[in-house]
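First the structure, in the form of structure tokens, and then the observations on it.
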Amino acid sequence: MSKNVVIIGNGIAGVTAARYIRKWSDFNITIISAETKHFFSRTALMYIYMGHMRYQDTKPYEDHFWEKNRIDLIHDRVTGIDAAGKSLSLEQGNAINYDVLIIATGSKSRFFGWPGQDLKGVQGLYGIPDLEAMETYTKDINRAVVVGGGLIGIEMVEMLHSRNIPVTFLVRETNYFEHLFPLEESQIINQEIRDHHVDLQLQTELKEALGDNDGRVRAIVSSKDEEIPCQFLGLTTGVAPNIGIVEASDVETNRGVLVDEFLQTNMPDVYAIGDCAEFREDGIGYRRIDQLWYTGRHQGKTVARTICGVQQRYNPPLFFNSAKFFSIEYQTYGTISAKPEEGIETLLWISDRKKELIRINYRKDNQQVVGFNLLGIRFRHALCEKWLLEKRTIDYVLTHLAEANFDPEFYKKYEPELVATYNRQNPDNPVQMAPKKGVLANIFG
Amino acid sequence: MQRYDVTFQLTSPTAKFTAMERVGMVILGLGLLTWVVALWGIGIDQPALMFWGGLAAIATSAFIYFQRYLNRPAGINNDGVWLNSAMAGVKGLVGWTLGIVFTGFYIILYWQDAWLANFVTIFEPLSQLLRNQPADKWFMYGTLYTLAVLIMGVRMLYKYRHNKYQILRTISVMFFQLGFAFLIPSLLVMFNQPEFYFSYFWPLKYDYLWPSSIDWLTGSGKLGVFMVFWGGLMFFLATPILTFFYGKRWYCSWVCGCGGLAETLGDPFRHLSDNSVKAWKYERYIIHGVVVFVVVTTALLWTNSATSGAVLGQASASFSKWYGFLIGLIFAGVVGTGFYPIFGNRVWCRFGCPMAATLGMLQKWFSRFRITTNGGQCISCGNCSTYCEMGIDVRWYAQRGQNIVRSSCVGCGVCAAVCPRGVLKLENGPREHRYNGPVLIHNDRVSVVLDDDWQAETKGMMPVHQEDIPVLTDSDWKGMG
Numbered sequence: 045m046s047k048n049v050v051i052i053g054n055g056i057a058g059v060t061a062a063r064y065i066r067k068w069s070d071f072n073i074t075i076i077s078a079e080t081k082h083f084f085s086r087t088a089l090m091y092i093y094m095g096h097m098r099y100q101d102t103k104p105y106e107d108h109f110w111e112k113n114r115i116d117l118i119h120d121r122v123t124g125i126d127a128a129g130k131s132l133s134l135e136q137g138n139a140i141n142y143d144v145l146i147i148a149t150g151s152k153s154r155f156f157g158w159p160g161q162d163l164k165g166v167q168g169l170y171g172i173p174d175l176e177a178m179e180t181y182t183k184d185i186n187r188a189v190v191v192g193g194g195l196i197g198i199e200m201v202e203m204l205h206s207r208n209i210p211v212t213f214l215v216r217e218t219n220y221f222e223h224l225f226p227l228e229e230s231q232i233i234n235q236e237i238r239d240h241h242v243d244l245q246l247q248t249e250l251k252e253a254l255g256d257n258d259g260r261v262r263a264i265v266s267s268k269d270e271e272i273p274c275q276f277l278g279l280t281t282g283v284a285p286n287i288g289i290v291e292a293s294d295v296e297t298n299r300g301v302l303v304d305e306f307l308q309t310n311m312p313d314v315y316a317i318g319d320c321a322e323f324r325e326d327g328i329g330y331r332r333i334d335q336l337w338y339t340g341r342h343q344g345k346t347v348a349r350t351i352c353g354v355q356q357r358y359n360p361p362l363f364f365n366s367a368k369f370f371s372i373e374y375q376t377y378g379t380i381s382a383k384p385e386e387g388i389e390t391l392l393w394i395s396d397r398k399k400e401l402i403r404i405n406y407r408k409d410n411q412q413v414v415g416f417n418l419l420g421i422r423f424r425h426a427l428c429e430k431w432l433l434e435k436r437t438i439d440y441v442l443t444h445l446a447e448a449n450f451d452p453e454f455y456k457k458y459e460p461e462l463v464a465t466y467n468r469q470n471p472d473n474p475v476q477m478a479p480k481k482g483v484l485a486n487i488f489g
Numbered sequence: 178m179q180r181y182d183v184t185f186q187l188t189s190p191t192a193k194f195t196a197m198e199r200v201g202m203v204i205l206g207l208g209l210l211t212w213v214v215a216l217w218g219i220g221i222d223q224p225a226l227m228f229w230g231g232l233a234a235i236a237t238s239a240f241i242y243f244q245r246y247l248n249r250p251a252g253i254n255n256d257g258v259w260l261n262s263a264m265a266g267v268k269g270l271v272g273w274t275l276g277i278v279f280t281g282f283y284i285i286l287y288w289q290d291a292w293l294a295n296f297v298t299i300f301e302p303l304s305q306l307l308r309n310q311p312a313d314k315w316f317m318y319g320t321l322y323t324l325a326v327l328i329m330g331v332r333m334l335y336k337y338r339h340n341k342y343q344i345l346r347t348i349s350v351m352f353f354q355l356g357f358a359f360l361i362p363s364l365l366v367m368f369n370q371p372e373f374y375f376s377y378f379w380p381l382k383y384d385y386l387w388p389s390s391i392d393w394l395t396g397s398g399k400l401g402v403f404m405v406f407w408g409g410l411m412f413f414l415a416t417p418i419l420t421f422f423y424g425k426r427w428y429c430s431w432v433c434g435c436g437g438l439a440e441t442l443g444d445p446f447r448h449l450s451d452n453s454v455k456a457w458k459y460e461r462y463i464i465h466g467v468v469v470f471v472v473v474t475t476a477l478l479w480t481n482s483a484t485s486g487a488v489l490g491q492a493s494a495s496f497s498k499w500y501g502f503l504i505g506l507i508f509a510g511v512v513g514t515g516f517y518p519i520f521g522n523r524v525w526c527r528f529g530c531p532m533a534a535t536l537g538m539l540q541k542w543f544s545r546f547r548i549t550t551n552g553g554q555c556i557s558c559g560n561c562s563t564y565c566e567m568g569i570d571v572r573w574y575a576q577r578g579q580n581i582v583r584s585s586c587v588g589c590g591v592c593a594a595v596c597p598r599g600v601l602k603l604e605n606g607p608r609e610h611r612y613n614g615p616v617l618i619h620n621d622r623v624s625v626v627l628d629d630d631w632q633a634e635t636k637g638m639m640p641v642h643q644e645d646i647p648v649l650t651d652s653d654w655k656g657m658g
């Protein structure tokens, strides 16, 4: 029995689902996308504009991959979902019937109804159309303004910076990314932004955008009533599930497409995954809407298993994430909250040049490590996670910390300084690092 | 609304040159002009002035331009690489021009050297100083080659000044080029010893194991005998041992002169290497074909020598002549270096070098070296694959959590440097689990939960593709991730 599985959206969630369904079944698989024919890495959009890569370099699989694995690609826009009749209407092609439907339509930029937000040269950054618009509207300009202190905001700032366009960066909070970052991390990134000559304005919001006679943005007014001339305005104040076509169907939605813990919607054989999905109930280890690359990938694999015959509950891994802020890489494992927490102790080390940071949080009562934050230093994901799952104590982790380092060879190793910091704070209970293997042991061990 | 067609053209950012950089360009122009006019004999009665004057101007302008890297915070900077006409490969006019200039230089060097006679004259003072011999075109070529490695090596040091691996590796190739491939051979000539390159071995320096070279070296005294011994020692003992511990990188991106040029002069072109499966297919046939060619040639020459020419007299001579012409001149020179700006900086190393192929076989099967991937952190962005000069699709492995064990990897470490998420690390370690299957952390929470029921229930299904291929095999495994 071969089913027709149709997937709307060719992002990481939809494509992961398709790959695993192919691996585990002989179903017919069709992916429909209006944005591009082939899967590309959305996280790499910025690098296209910056000239690090071309569009084709951002495709994780070569074009022959899809035919070889019998995954049909349709480059078209879905205009309607008939969940009762199990069919989809398309803008250009004929209607398509499905036995199983996966909605993986991702996100769209979220604006807040600012006056002037529809002017030309005002936009968010989510997909290829945004990149094209940005290309058009940043040509030969004198200044750009970016609003929103999140990950996409700093990406857009970095993109403009790479084209030598002066940027003013408005961040509502007291420090960059402070809703997710403890103060010290935020301050390091504030400085990194300023080191790149970006005009970072904290505690500043957008009031309105002003247009010229052609309907193009010519300036903005900030919440400090300052008028900042600019010919481009990036609005990166978050994303929301992209569910326009779903809202008009029988599939139930709220902020996103509502799903249960099996990623199933209210309609039979209709699933939703990735950015566009919203869980009906809080689960363990995930938020109702999780808009990360990794969660999309994990949900894709989970739903594939259910569709291939084994009900699989969404069971996300221990939290991890990463990003890069200009030249500073960021990795996080486990739980690090932005504000100090009751019962949680922090071990913090910052390098003299203030570009590297290690934070390890652990419980006061039983010394159990709960999370790592790293700036400018790489740690091994697998090992950090193992320690967290095994509920290792801070003593144990510090003793073995050298094993976790994933920096390139010959890089300065900071673990001894971190351990020394700990020992200064805990003179009664000093930690000694596991002896380093000698040169010969390294060669012959 | 409509479907979007991804044909958008990115425009080059307006090049903004500082006043200092404009001065630098004028100085560069003057320097190049000094050397170019020498071709017509202008100024060659003042060779020292022409040589050092031109060199000083070129080097000064280069360092002025390299200030770009120092004027911004340290870190990966590939801004505008694909938008720059010199670095855009087949789409860049400047790139084509550079390619034609490089290629033309090799063609003239090999087959029209009379045109270079005047130019060679300005190298006379340096040649006398280092070798006590008149300059010839090979001395001129060696000098230019070394200067290219040194000057562009400084650029590399500036560009990667945040990365200690790149700094040490670059200093190493600069050191070996200057010392072992330039100064020592020159001094040997000065002292009437055989001009020998201690940093090159058979089969890259293919004639070092040919009977004629061995006769020549052993016939030239004790030092010559040592050179033969050194060549054998390096190929038969040092190469396998060092490759076992460190992978082929100990040679290809730390010592070798071809690698040295690729890593310095060639660095601006590394993203032009084709990383398709198709290119990989050609690579395997061609490079191993060259190995067969050099082995057969060497064997024929020895057979011929042992039988005093009775068996294969003409055939072996013709083999060695063709090897020298096709591989030694055309492949390594004209194509390998001349086409940097079109096909990337490792064309020779990737498709042609028999030494790289030999080291590659050792690296793949008998080495502790691999590139490891960091759990589930890969976002498939493609920077690693794009900037891999050997055209390895690094992302293919990284996004499925698989170690990268590839014979062609020269261990330059740039994939790990350009990765924005800290996913890649060059490591030497125990060989156990070196060829791991895909273990994408926590993508595989599903597989961890995966139990016997799942196996039983899926028995009736047809698994169309197997993901868990433990060892990468050559041909068509690259189907499914």
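Protein sequences appear in the order of chains A and B. Mind the numbering: the first sequence is residues 45 to 489 in this note's numbering, read in order. Mind the numbering: the second sequence is residues 178 to 658 in this note's numbering, read in order. Beta carbons: idealized from backbone N, C-alpha and C, even for Gly.
1. Nearest by alpha-carbon distance to VAL468(B): which of GLY505(B), ALA236(B) and GLY552(B) is it?
2. Which of helix, strand or coil does DSSP assign to VAL582(B)?
3. If we count the other Cβ atoms within 10 Å of its Cβ and call it buried at 16 or more, is ALA316(A) buried or exposed?
4. Just to confirm my understanding: we take TRP631(B), look at its own chain, exclude 5 residues before and 5 after, and list those with CB closer than 6 Å. What are they?
5. Taking the C-alpha atoms as reference points, what is the distance between LYS636(B) and ARG299(A)?
6. I'd like to know whether the C-beta of GLY95(A) is nearer than 9 Å to at least one C-beta of chain B.
7. Using the Cβ count rule (16 or more neighbours within 10 Å means buried), how would you classify GLY529(B)?
8. If VAL303(A) sits next to GLU322(A), beta carbons under 8 Å apart, how far is it from one beta carbon to the other, in whole angstroms?
9. Report yes or no: is there a C-beta of chain A within less than 9 Å of the C-beta of TRP631(B)?
10. Could you check how far apart the C-beta atoms of GLY513(B) and TRP525(B) are, in whole angstroms? I think they sit under 8 Å.
11. Check for me: the beta strand (DSSP E) holding THR490(A) runs from which residue to which?
12. Cβ of SER395(A) less than 9 Å from any chain B Cβ?
13. Among ARG608(B), CYS558(B) and THR347(B), which one has its Cα closest to the Cα of PRO597(B)?
14. Under 9 Å, Cβ to Cβ, is there at least one residue of chain B near SER371(A)?
15. Specify, as a first and last residue, the run of the alpha helix (DSSP H) that ASP392(B) falls within.
16. Give the residues of chain B in contact with TYR91(A), contact being defined as C-beta atoms less than 9 Å apart.
17. Using a Cβ-Cβ distance under 9 Å, would LYS383(A) count as near chain B?
18. Would you say LEU432(A) and ILE372(A) are within 9 Å of each other, going by their C-beta atoms?
19. Beta-carbon within less than 6 Å of LEU89(A)'s beta-carbon, same chain only, minus the 5 sequence neighbours each way: which residues are those?
20. Taking the continuous alpha helix (DSSP H) assigned at THR60(A), which residues delimit it?
21. Less than 8 Å between the CB atoms is what I'm expecting for LYS455(B) and GLY537(B), so what's the real figure, rounded?
22. Is it buried or exposed for LYS130(A), if we count other Cβ within 10 angstroms and need 16 for buried?
23. According to DSSP, is GLN632(B) part of a helix, a strand, or is it coil?
24. Count the other CB atoms, across all protein chains shown, that sit within 10 Å of the CB of ALA358(B); report buried if there are 16 or more and exposed otherwise.
25. Could you check the C-alpha separation between VAL144(A) and ARG422(A) for me, to the nearest Å?
26. Quick test of your reading: PHE370(A) and GLY252(B), contact by CB under 8 Å. State the CB separation rounded to the nearest angstrom.
27. Name, going along the chain, the residues of the stretch 522–544 of chain B whose beta-carbon falls closer than 9 Å to a beta-carbon of chain A.
28. Within its chain, find whatever has a CB closer than 6 Å to the CB of ASP384(B); leave out the 5 residues flanking it on each side and keep chain order.
29. Please name the residue or residues paired with ASN141(A) in a DSSP beta bridge.
30. Look at THR102(A) and TYR91(A) and say whether their C-beta atoms are less than 9 Å apart.
31. Roughly how many angstroms separate the alpha carbons of THR420(B) and VAL166(A), rounded to a whole number?
32. Should ALA128(A) be labelled buried (16 or more other beta-carbon atoms within 10 Å of its own) or exposed?
33. Taking C-beta pairs closer than 7 Å, name the residues in chain B that TRP337(A) reaches, listed in chain order.
34. Which same chain residues end up closer than 8 Å to VAL623(B) when comparing Cβ atoms and leaving out the 5 residues on each side of it in sequence?
35. Against chain B, which members of the stretch 176–208 of chain A pass a CB distance test of less than 8 Å?
36. In the DSSP assignment, find the unbroken beta strand (DSSP E) run with PHE546(B) in it and report its ends.
Inspection of the coordinates gives the following:
1. GLY505(B)
2. coil
3. Per the 10 Å Cβ criterion, buried.
4. Bear in mind that a pLDDT of 36 at TRP631(B), under 50, signals an unreliable position, so the number given afterwards is only what the model happens to contain. Around TRP631(B): no qualifying Cβ.
5. Residue confidence for LYS636(B) is low, a pLDDT of 34 falling below 50, so the modelled location carries little weight and cannot support an answer.
6. yes
7. buried
8. Rounded, the Cβ-Cβ distance is 7 Å, consistent with contact.
9. Confidence at TRP631(B) is low in this model, with a pLDDT of 36, below 50, so its placement is unreliable and no value can be given for it.
10. At roughly 3 Å, the Cβ-Cβ gap stays under 8 Å, so GLY513(B) and TRP525(B) are in contact.
11. Outside the displayed range of chain A (45 to 489) lies residue 490(A), so it cannot be described from this structure.
12. no
13. CYS558(B)
14. yes
15. Its alpha helix (DSSP H) spans residues 388–395.
16. ASN255, CYS558, GLY559, ASN560, THR563 and PRO597
17. no
18. no
19. LEU175
20. Residues 56–68.
21. Rounded, the Cβ-Cβ distance is 19 Å, inconsistent with contact.
22. buried
23. With a pLDDT of 35 at GLN632(B), under the threshold of 50, the modelled position of that residue is not reliable, and no figure is offered here.
24. Counting Cβ neighbours within 10 Å, ALA358(B) comes out buried, since at least 16 surround it.
25. The alpha-carbon atoms of VAL144(A) and ARG422(A) are separated by roughly 41 Å.
26. 7 Å
27. Cβ contacts with chain A come from no residue of the stretch 522–544 of chain B.
28. SER390
29. SER131(A)
30. Against a cut-off of 9 Å, the Cβ pair of TYR91(A) and THR102(A) comes out as a contact.
31. 55 Å
32. Classification of ALA128(A): exposed, given that the 10 Å Cβ count is below 16.
33. Near TRP337(A) (Cβ distances below 7 Å), the residues of chain B are ILE556.
34. With a pLDDT of 38 at VAL623(B), under the threshold of 50, the modelled position of this residue cannot be trusted, and the question is left open.
35. GLU176, GLU179, LYS183, ASP184, SER206, ARG207 and ASN208
36. 546–550
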